[in-house]
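Participant: Encoded as structure tokens, here's the structure I'll be asking about.
Put into structure tokens, the structure is as follows:
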């Protein structure tokens, strides 16, 4: 890949990122068509059901014969809500395709690349980190259809605590970190917390300022033995937000019936269950069309999700302070089995005075 290739592929990534948060359940994709060193067409996938990025680029170019395609994801080769993109490029007689990464969808999975090569088009597959990062949630949900992709956001002091005492609310991170979390909320279908977070912090769980995206926002509250107040701010109707979803055990219907007036209550598990089965909860959310979740829950929910092997990626923010005290609350609670998977951190970077570490979750 030469300098020009890097430049045009980076433009494709830039376009793809415009669709983040809007394309679910599809991945965000960007495409650029270049001939004689100049861009003749470009596009990105705006929302599910709309034209793919490649078709937008072809339409903008009008005539793409002899051009090079730069695209963040392998062009599809199957008929879904839209025709196959690989066939469109073959018909347009492009000369070359530079592809960010292969499509993990079993309906394509290399078939788009094979079709382009069979038509005599030169193909380069780069498998770059930015391309893989763009499709990470899609890659998970297309292979594991039983639950959404789940990212866990945690914030703690340098010594691993979230507050210096129980039932306290305390700002840990700075403005840059809060801006980063805002972008995370935009990128996922839903933001999720536990009942304890609602009781202590009474969060609204919205993106402020509002960000225009193709998909409505969803707020989720996981409950177990005790309900939360129906007057909690998380149930406040907000423009372009779906009705808040409460997930509760099927055996505790009478406890959560009062919330049915202000939220969509999902009862999961068997009729006699009074403990929330997290896998059943996530499966029910997936059935409702939620394909990616940002969990901002407290120490108990975070630890239980990790122990249940329901987390795909962790974002851990560390603030430059220490909170150790007799009643200090740790960022992760003790779990019944006392076993947590390992986190394979890929990146550590400063966010203002805070530090962000992000990585994928691996089984022990």
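Residue numbers (my numbering): -4 to 359.
Every residue, glycine too, gets a C-beta built ideally from N, C-alpha and C.
1. Residue 80 by DSSP, collapsed to three states: which one?
2. Quick one: give me the first and last residue of the beta strand (DSSP E) that residue 152 is part of.
3. For residue 49 versus residue 83, is the C-beta distance shorter than 8 Å?
4. Using the Cβ count rule (16 or more neighbours within 10 Å means buried), how would you classify residue 264?
5. In this structure, does DSSP put residue 345 in helix, strand or coil?
6. Taking all protein chains shown into account, do 16 or more other C-beta atoms lie within 10 angstroms of the C-beta of residue -4, making it buried, or fewer, making it exposed?
7. The beta strand (DSSP E) with residue 289 in it runs from where to where?
8. Whole angstroms are fine: how far does the CA of residue 106 sit from the CA of residue 159?
9. Between residue 194 and residue 143, what straight-line distance do the alpha-carbon atoms span, to the nearest angstrom?
10. Note down, one range per segment and in chain order, each alpha helix (DSSP H) of at least 4 residues found wholly within the stretch 212 to 262.
11. Work out the CA separation of residue 36 and residue 332 for me, nearest whole Å.
12. For the putative contact between residue 216 and residue 239, defined by C-beta atoms under 8 Å, what is the C-beta separation to the nearest angstrom?
13. Express the C-alpha separation of residue 57 and residue 151 in angstroms, rounding to a whole number.
14. Looking only at its chain, what residues have a beta carbon closer than 8 Å to the beta carbon of residue 190, apart from the 5 residues adjacent to it on each side?
15. Expressed to the nearest angstrom, what Euclidean distance is found between the alpha-carbon atoms of residue 359 and residue 115?
16. Return the first residue and the last residue of the alpha helix (DSSP H) that residue 136 is part of.
17. For residue 421, count neighbouring Cβ atoms within 10 angstroms of its own Cβ and tell me buried if that reaches 16, exposed if not.
18. Where does residue 8 land, buried or exposed, given buried means 16+ other C-beta within 10 angstroms?
19. Can you tell me whether DSSP reads residue 374 as helix, strand or coil?
20. Assuming residue 191 is part of the beta strand (DSSP E), what are its boundary residues?
21. Can you check which of these residues, 111, 126, 93 and 135, is closest to residue 101 by C-alpha distance?
22. If we ignore side chains and look at the alpha-carbon of each, how far apart do residue 104 and residue 98 end up?
23. Specify whether the stretch 118 to 138 and the stretch 163 to 173 touch according to this definition: at least 3 beta carbon pairs, one from each stretch, less than 8 Å apart.
24. Identify the continuous alpha helix (DSSP H) that holds residue 274 and give its terminal residues.
25. Helix, strand or coil: which one does DSSP assign to residue 337?
26. To which residues does DSSP link residue 325 through a beta bridge?
27. Identify the residues that DSSP records as bridge partners of residue 351: which are they?
28. Under the rule that 16 or more other beta-carbon atoms within 10 Å means buried, what is residue 340, buried or exposed?
29. Looking at the secondary structure, which residues open and close the alpha helix (DSSP H) in which residue 176 lies?
30. Between the Cα of residue 337 and the Cα atoms of 356, 321 and 125, which residue gives the shortest distance?
31. Counting Cβ pairs, one atom from each stretch, are 3 or more of them under 8 Å apart for the stretch 255 to 263 and the stretch 291 to 299?
32. Can you grab the Cα-Cα spacing for the pair residue 303 / residue 12, in whole Å?
33. Let's see if you can read the secondary structure: which residues bound the beta strand (DSSP E) around residue 38?
34. If you measure between the beta carbons of residue 184 and residue 285, is that distance less than 8 Å?
35. Should residue 322 be labelled buried (16 or more other beta-carbon atoms within 10 Å of its own) or exposed?
Facilitator: So, from the data block:
1. Taking the first residue of the chain shown as 1, we reach residue 80 at position 85. Look at residue 80 here: in three-state DSSP terms it is helix.
2. Taking the chain shown and counting its residues from 1, the one referred to as residue 152 is at position 157. Residue 152 -> beta strand (DSSP E) spans 144 to 152.
3. As a working note, residue 49 is residue 54 in the chain shown. As a working note, residue 83 is residue 88 in the chain shown. Cβ distance < 8 Å, so residue 49 and residue 83 count as in contact.
4. Start at 1 with the first residue of the chain shown, and residue 264 comes out as number 269. Counting Cβ neighbours within 10 Å, residue 264 comes out buried, since at least 16 surround it.
5. On the chain shown, residue 345 is found 350 positions in, with the first residue counted as 1. The three-state secondary structure of residue 345, taken from DSSP, is strand.
6. As a position in the chain shown, residue -4 is number 1, starting the count at 1. Classification for residue -4: exposed.
7. The residue labelled residue 289 in the question sits at position 294 within the chain shown. Going by DSSP, residue 289 is part of the beta strand (DSSP E) stretching over 287 to 290.
8. For the purposes of this step, residue 159 is identified with residue 164 of the chain shown, where counting begins at 1. For the purposes of this step, residue 106 is identified with residue 111 of the chain shown, where counting begins at 1. Rounded to the nearest angstrom, the two C-alpha atoms are 55 Å apart.
9. Here residue 194 corresponds to residue number 199 of the chain shown, with the count starting at 1. Here residue 143 corresponds to residue number 148 of the chain shown, with the count starting at 1. Linking residue 194 to residue 143 through their CA atoms gives a straight-line distance of about 25 Å.
10. Within the stretch 212 to 262, the complete alpha helix (DSSP H) runs of at least 4 residues are 248 to 251.
11. Translated into positions along the chain shown, residue 332 becomes position 337. Translated into positions along the chain shown, residue 36 becomes position 41. One C-alpha to the other measures close to 55 Å.
12. What you label residue 216 is simply residue 221 of the chain shown in a count that begins at 1. What you label residue 239 is simply residue 244 of the chain shown in a count that begins at 1. A Cβ-Cβ distance of about 7 Å is found for the pair residue 216 and residue 239, placing them in contact under the 8 Å criterion.
13. Here residue 151 refers to the residue found at position 156 of the chain shown. Here residue 57 refers to the residue found at position 62 of the chain shown. Between the alpha carbons of residue 151 and residue 57 lies a gap of roughly 53 Å.
14. As a first step, residue 190 must be located in the chain shown, where it is residue number 195. Sequence-distant Cβ neighbours of residue 190 in its own chain, meaning closer than 8 Å and more than five residues away, are 216, 217, 218, 219, 221, 222 and 223.
15. On the chain shown, position 364 is the one that residue 359 refers to. On the chain shown, position 120 is the one that residue 115 refers to. With a pLDDT of 43 at residue 359, under the threshold of 50, the predicted position of this residue should be treated as unreliable, and no value is reported.
16. For the purposes of this step, residue 136 is identified with residue 141 of the chain shown, where counting begins at 1. Judged by DSSP secondary structure, residue 136 falls within the alpha helix (DSSP H) whose first and last residues are 131 to 138.
17. The displayed coordinates of the chain run from -4 to 359. Any statement about residue 421 would go beyond what the structure contains.
18. Counting from one through the chain shown, the residue named residue 8 turns up at place 13. Residue 8 is buried by the Cβ-count criterion.
19. Any question about residue 374 goes unanswered here, given that the chain covers just -4 to 359.
20. Along the chain shown, one-based indexing puts residue 191 at 196. No beta strand (DSSP E) holds residue 191; the alpha helix (DSSP H) holding it covers 190 to 196.
21. The residue labelled residue 101 in the question sits at position 106 within the chain shown. The shortest Cα separation from residue 101 among 111, 126, 93 and 135 belongs to 135.
22. Translated into the one-based positions of the chain shown, residue 104 becomes position 109. Translated into the one-based positions of the chain shown, residue 98 becomes position 103. Cα-Cα distance, rounded: 5 Å.
23. By the Cβ test, the stretch 118 to 138 is not in contact with the stretch 163 to 173, since fewer than three Cβ pairs between them sit closer than 8 Å.
24. Translated into positions along the chain shown, residue 274 becomes position 279. Note, residue 274: alpha helix (DSSP H), 273 to 282.
25. Within the chain shown, residue 337 is the residue found at index 342, counting from 1. In the displayed model, residue 337 falls within a strand according to three-state DSSP.
26. The residue given as residue 325 occupies position 330 in the chain shown. BP columns for residue 325 point to 156.
27. For the purposes of this step, residue 351 is identified with residue 356 of the chain shown, where counting begins at 1. Residue 351 is bridged by DSSP to 312 and 344.
28. Within the chain shown, numbered from 1, the residue matching residue 340 stands at position 345. Residue 340 should be labelled exposed.
29. The sequence position of residue 176 within the chain shown is 181, counting from 1. Element bounds for residue 176: 170 to 182.
30. Here residue 337 refers to the residue found at position 342 of the chain shown. Here the closest residue by C-alpha is 356.
31. With the rule of 3 Cβ pairs closer than 8 Å, the stretch 255 to 263 does not count as touching the stretch 291 to 299.
32. Within the chain shown, residue 303 is the residue found at index 308, counting from 1. Within the chain shown, residue 12 is the residue found at index 17, counting from 1. If I take the Cα positions, the gap works out to 31 Å.
33. Counted from its first residue, the chain shown places residue 38 at position 43. Looking at the DSSP string, the run of the beta strand (DSSP E) that includes residue 38 is 33 to 39.
34. As a working note, residue 184 is residue 189 in the chain shown. As a working note, residue 285 is residue 290 in the chain shown. Going by C-beta atoms, residue 184 is nearer than 8 Å to residue 285.
35. As a working note, residue 322 is residue 327 in the chain shown. In summary, residue 322 is exposed, with fewer than 16 beta-carbon neighbours lying within 10 Å of its beta-carbon over all protein chains present.
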